[in-house]
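Per UniProt numbering, the sequence shown runs over residues 1 to 356.
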Amino acid sequence: MSSLEERIREALQNILLPKLDRSLIEAGMLERIEVSGGQVRILLHFKPAYASKSQLRQWVSEHVSQIPGVSSVEIEFTQEATSHAGSPQRTVPPEARTARRVELASVKEIVAIFSGKGGVGKSTVSVNLAVALAQAGARVGLFDGDVHGPNIPNLLGIDERPVVAQGKIKPIEKYGLKAISLGLLVEPEEALIWRGPMITKAINELLSGVDWGELDYIVIDLPPGTGDAQLGLAQDVELSGSIAITTPQEVSLADVRRGITTFKRLEVPLWGIVENMSYFSCPHCGKPTDIFGSGGGEREARRQGVPLLASIPLDPQVREGGDQGMPIVKSAPDSPASQEFRKIAQYLLQKQRQTI
């Protein structure tokens, strides 16, 4: 490496991305530097959630053009490519893609379940959707991507440690699906005090280190919000699509819009919205009560131009099933809530049939 290239790399290391509080290089955006005399060509891996192209050009030009010996600066961008049907195409050098992408060639569809805020039942939806898909005959994996609050083991009633065979983690099989969670690899009360890069690395290594076998779906339960877990997953995994979880309440809708905007910027298709805790039916008179308001999920779905996949009632059986480790689609398959979960599963199954 020439001394000029070293100084350029050092200058790029000093460019901090405001949204991440990490340098351009630490965020994995530098592909390569080419130096010919005083002419410099810098190839950046463009990640739209971190900064715009105009911002990056300005920051890089300002830092690099001040280096003695640099006469001109040319900045170009690449984007990663996805292979799933219906997903936008991106271009990136094969060597860069191999270094970053989590390869899950034996999985047909990878679905991210996300929410803008906690407490809206995202993990409950993930578990019941996965079990409903398995009940319909699909081969399903469930991945707990919420490293700070891994609730999937509790919701499935799993407490056994996975084993490693031939260098791969064997997922735990229950209710006809294969599940893995970081919560199964640490002590129950252990807190994971991790910063962004560690979260992204943990998710990627765990997801790619599991012996999933041949699957039709992997359902990924993401943590709430729009932090490093979501950004890293969308950049490093070829997601087929995403499903947003909200309640009818405006504060929940406001947060989920931010999540939807994030995934759109990351070019991950939004397949639909699920409204959880839509209403409560009195067990005595049967009269529905809109505890968190009404119609919010439907209005937001129209606003986003996607279907409202389900309106799940606030049912004590859902909570009881979660506490007992038995999803309601298993414990009370004929309940109104179970019927709504199966509606989501049928939508995904029909969508897959249309792409075959």
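Where is the CB? At the ideal position from N, CA and C, for every residue including glycine.
Being a predicted model, the structure only gives us computed values, none of them experimental.
As assigned by DSSP and simplified to three states, the class of residue i
i, result
"GLY271", "The question names Gly, but residue 271 is Trp in the sequence shown. TRP271 falls in the strand class under three-state DSSP."
"GLU26", "coil"
"GLN317", "helix"
"TYR175", "coil"
"ASP236", "helix"
"THR247", "coil"
"HIS284", "coil"
"THR289", "strand"
"VAL163", "coil"
"GLU6", "helix"
"LYS53", "helix"
"GLU214", "coil"
"VAL64", "helix"
"VAL131", "helix"
"THR78", "strand"
"GLY86", "Interpretation of GLY86 is limited by its pLDDT of 37, a score under 50 that renders its predicted location unreliable; no figure is taken from the coordinates."
"ARG353", "helix"
"ALA337", "helix"
"GLY118", "coil"
"LEU348", "helix"
"PHE143", "strand"
"SER294", "coil"
"LEU266", "coil"
"LEU182", "helix"
"ALA254", "helix"
"SER278", "coil"
"ILE328", "helix"
"SER71", "coil"
"LEU17", "strand"
"residue 371", "Outside the displayed range of the chain (1 to 356) lies residue 371, so it cannot be described from this structure."
"SER311", "strand"
"VAL92", "Confidence is the limiting factor: at VAL92 the pLDDT is only 36, short of 50, which leaves the residue's position unreliable and the question unanswerable from this model."
"SER36", "strand"
"LEU222", "coil"
Distance CB(residue i)-CB(residue j) smaller than 8 Å
i, j, result
"GLN135", "VAL318", "no"
"PHE280", "LEU253", "no"
"GLY225", "ILE169", "no"
"GLU34", "ARG41", "yes"
"GLU300", "ILE273", "yes"
"GLY296", "PRO248", "yes"
"LEU44", "ILE8", "no"
"GLY213", "SER71", "no"
"GLY118", "ASP144", "no"
"LEU142", "LEU177", "yes"
"ILE180", "LEU104", "no"
Presumed contact (8 Å Cβ cut-off) between residue i and residue j, rounded CB distance
i, j, result
"ALA234", "LEU266", "4 Å"
"VAL111", "GLY241", "6 Å"
"LEU156", "TYR175", "7 Å"
"ILE113", "ILE220", "7 Å"
"GLY322", "SER331", "Contact doesn't hold; Cβ gap of about 10 Å is too wide."
"ALA132", "ARG353", "At roughly 16 Å, the Cβ-Cβ gap does not stay under 8 Å, so ALA132 and ARG353 are not in contact."
Member of the options whose CA lies at the smallest distance from the CA of residue i
i, options, result
"LEU239", "LEU206, GLY149, LYS108 and TRP59", "LYS108"
"THR289", "ARG299, GLY297, SER278 and GLY296", "SER278"
"GLU173", "ASP255, ALA130, VAL120 and ARG7", "ALA130"
"ASP255", "THR262, ASN276, ARG303 and GLY116", "GLY116"
"ILE15", "PRO336, VAL164, VAL60 and GLU214", "VAL60"
"ASP236", "LYS264, ASN204, ILE158 and ILE180", "ASN204"
"ASP146", "ILE344, VAL268, ALA229 and CYS285", "ALA229"
"THR78", "ALA112, GLY28, GLU160 and PRO333", "GLY28"
"GLY325", "LEU142, ILE158, PHE341 and ARG22", "ILE158"
"ILE25", "GLN13, PHE292, GLY232 and ILE260", "GLN13"
"CYS282", "SER294, PRO269 and PRO316", "PRO316"
"GLN39", "GLY167, GLY69, LEU270 and SER54", "GLY69"
"VAL73", "SER36, LEU104, SER52 and ARG342", "SER36"
"ILE67", "SER3, LEU185, GLU160 and ARG302", "SER3"
"SER294", "THR246, PRO171, ASP211 and THR262", "THR246"
"LEU215", "SER52, SER338 and PRO171", "PRO171"
"ILE291", "ARG303, ARG302, CYS285 and ASN276", "ASN276"
"SER338", "LEU56, ASN128, THR261 and GLY167", "ASN128"
CB contact below 8 Å: residue i versus chain C
i, result
"GLN58", "Protein chain content of the structure displayed is limited to a single chain, and chain C is not contained in it."
Open item on the list: For the structure I just gave you, are there three or more beta carbon pairs, one from the stretch 126-141 and one from the stretch 343-353, closer than 8 Å?
Closed with: Output reads yes: the stretch 343-353 touches the stretch 126-141.
Open item on the list: Counting beta carbon pairs with one atom in the stretch 141-159 and one in the stretch 304-314, are three or more of them shorter than 8 Å?
Closed with: With a cut-off of 8 Å on Cβ pairs, the stretch 304-314 is not in contact with the stretch 141-159, counting fewer than three such pairs.
Task: Meets three-Cβ-pair contact criterion under 8 Å: the stretch 200-210 and the stretch 119-130 - done: Proximity of the stretch 200-210 to the stretch 119-130 falls short of the contact definition, fewer than three beta-carbon pairs being nearer than 8 Å.
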